[in-house]
Amino acid sequence: MHTTVDMKKILALLTPLSLLMAGTALAQAPSGKLVLYTSQPQKDAQETVAAFNKAVPGVQVDFVRDGTTQLMSKLRAEIAAGAPQPDLLLIADAMTMEQLKQENRLAAYRDAKVAGLPDGAYDPDYTYFGTKFITTGIIYNTKAKKPESWKDLLAADAKGQVVLPSPLYSGAAAIHMGTLAGVKDIGLGYFESLAQNGAVAVQGNGQVRTQVAGGQKLYGIIVDFMGLNAKKDGSPVDFVFPKEGVTVVTEPVAILTTAKYPAAAKAFIDFVLSADGQRFAASQGYLPMRADVAAPEGFPARDGIKVLPAPVQILLKEDQANKKRFADAFGG
3 MHTTVDMKKI
13 LALLTPLSLL
23 MAGTALAQAP
33 SGKLVLYTSQ
43 PQKDAQETVA
53 AFNKAVPGVQ
63 VDFVRDGTTQ
73 LMSKLRAEIA
83 AGAPQPDLLL
93 IADAMTMEQL
103 KQENRLAAYR
113 DAKVAGLPDG
123 AYDPDYTYFG
133 TKFITTGIIY
143 NTKAKKPESW
153 KDLLAADAKG
163 QVVLPSPLYS
173 GAAAIHMGTL
183 AGVKDIGLGY
193 FESLAQNGAV
203 AVQGNGQVRT
213 QVAGGQKLYG
223 IIVDFMGLNA
233 KKDGSPVDFV
243 FPKEGVTVVT
253 EPVAILTTAK
263 YPAAAKAFID
273 FVLSADGQRF
283 AASQGYLPMR
293 ADVAAPEGFP
303 ARDGIKVLPA
313 PVQILLKEDQ
323 ANKKRFADAF
333 GG
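Going by the numbering used here, the letters in the sequence shown line up with residues 3 to 334, in that order.
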């Protein structure tokens, strides 16, 4: 049986106060057309935007995807021209965000919903917020000997068989290099030793995965989710968290001070930090930032991952010198 709804009668029953409240709620609903610059893989970026649109349908999001270094070059050119385009950044590393913060390019969002995030997961001045816990380890083709240490990539049987992402392109790779530089018995000389052992640098982590999964190289340095997802998808690879520890990026999100739609940008941050947003990230194969959201299949327990210290101020100070040394060793 179908019931006919008489909207005139329903509206007649609404009090002026309830109509006012309804109108206020509609006025406060986030809206606008956000521009997002992100270093996420293309598919993940598309899925993240779609999930946000489902949660907040009144906001349209256009995104530009590239490596963190390339995105920053693009943004700096726009700033120099007086026309920065993005409202939001969702990029690999806190080091880049810290630099932008120091330049007063990031807007503080003090009401961000950070409950459930661990200490140190976000800027104490609330200008950028970590969204994931992304480690860098070793991917290897299963026809090769399983590595256990970063130093195993310098062994004779790894000569000419290692591929790694370039810190000149990848934010995660820049953090990785800067972090290992401070580790006793590894240091910056490690990267020069890799080059001397025939390692090849490529632009991004995706190329590392492709070469190791395809057997062109036996070993690669890569972010965890790409290695573990390749294994899950049936590629003949596995992923190792080296015994010395792993380097970490948090893929922070931030609003620029020049954002055209700050309310909509805040809604995006609220979504990616929420339990639902974190569960969505976990469904993509990322280790969520929030401890109350379960890790994806294939990850060890969070407290079983040894994380190497990475003081962001020191990393930022040494970044350009590190990149020059890398370029001298690998070219680029």
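Glycine included, each C-beta is placed from N, C-alpha and C at the ideal position.
Because the structure is a prediction, the values reported are computed rather than measured.
| request: Provide the residue(s) that pair with D64 in DSSP beta bridges, ordered along the chain. | output: Residue numbering aside, residue 64 sits at position 62 when the sequence shown is read from its first letter. DSSP output for D64 lists V37 as bridge partner(s).
| query | Near G206, which residues of its chain fall below 7 Å by C-beta distance, leaving aside the five closest residues on each side in sequence? | reply | For the purposes of this step, residue 206 is taken as the residue at position 204 of the sequence shown. G69, P167, Y171 and S172.
| request: Report the three-state DSSP secondary structure of P32 (helix, strand or coil). | output: Indexing the sequence shown from 1 puts residue 32 at position 30. Looking at P32 - three-state DSSP - the assignment turns out to be coil, as it is neither helix nor strand.
| said: Using DSSP's beta-bridge definition, name the partner residues of T138. | reply: Residue numbering aside, residue 138 sits at position 136 when the sequence shown is read from its first letter. V225 and T249, per the DSSP bridge assignment.
| In terms of DSSP beta bridges, what is P290 paired with? | Translated into the one-based positions of the sequence shown, residue 290 becomes position 288. Beta-bridge pairing links P290 to K134.
| said: T249 and T137 - do their beta-carbons sit closer together than 9 Å? | reply: For the purposes of this step, residue 137 is taken as the residue at position 135 of the sequence shown. For the purposes of this step, residue 249 is taken as the residue at position 247 of the sequence shown. Contact flag set, yes.
| 9 Å Cβ cutoff met for P302 and Y288 | Counting from one through the sequence shown, the residue named residue 302 turns up at place 300. Counting from one through the sequence shown, the residue named residue 288 turns up at place 286. With respect to the 9 Å criterion, P302 and Y288 are not classified as neighbours on the basis of their beta carbons.
| said: Could you compute how far the alpha carbon of G180 sits from the alpha carbon of G279? | reply: Position 178 of the sequence shown, counted from the start, is the residue given in the question as residue 180. Position 277 of the sequence shown, counted from the start, is the residue given in the question as residue 279. Across the structure, G180 and G279 are spaced so that their CA atoms are roughly 30 Å apart.
| request: State buried or exposed for A201, treating a residue as buried only when at least 16 other CB atoms are found within 10 Å of its CB. | output: In the sequence shown, counting from the first residue as 1, residue 201 sits at position 199. That one is buried.
| field | P264 versus V210: straight-line alpha-carbon distance, rounded | value | Here residue 264 corresponds to residue number 262 of the sequence shown, with the count starting at 1. Here residue 210 corresponds to residue number 208 of the sequence shown, with the count starting at 1. Cα-Cα distance, rounded: 37 Å.
| message | Going by DSSP, what residue range makes up the alpha helix (DSSP H) through A201? | response | Along the sequence shown, read from residue 1 onward, the residue named residue 201 stands at position 199. Counting along the chain, A201 falls outside any alpha helix (DSSP H), and DSSP gives it neither H nor E.
| message | For G25, count the other beta carbons within 10 Å of its own beta carbon; 16 or more makes it buried, fewer makes it exposed. Which is it? | response | If you number the sequence shown from 1, residue 25 lands on position 23. Residue placement at G25 is poorly supported in this model, since its pLDDT is 39, which falls under 50; the coordinates still yield a value, given next. Its Cβ having fewer than 16 others within 10 Å, G25 is exposed.
| said: Within 8 Å, do at least three Cβ pairs link the region 135–150 to the region 227–239? | reply: yes
| query | Anyone know if the C-beta pair for K153 and I188 falls short of 9 Å? | reply | Sequence index remark: in the sequence shown, residue 153 carries index 151 (1-based). Sequence index remark: in the sequence shown, residue 188 carries index 186 (1-based). Cβ atoms of K153 and I188: closer than 9 Å.
| query | Leaving out five residues before and five after F332 in sequence, what residues of the same chain have Cβ atoms less than 6 Å from its Cβ? | reply | Position 330 of the sequence shown, counted from the start, is the residue given in the question as residue 332. Once the five neighbours on either side are set aside, the close Cβ partners of F332 are A197 and A203.
| Cα separation between P290 and R281? | Within the sequence shown, the letter at position 288 stands for residue 290. Within the sequence shown, the letter at position 279 stands for residue 281. One alpha carbon belongs to P290, the other to R281, and they sit about 7 Å apart.
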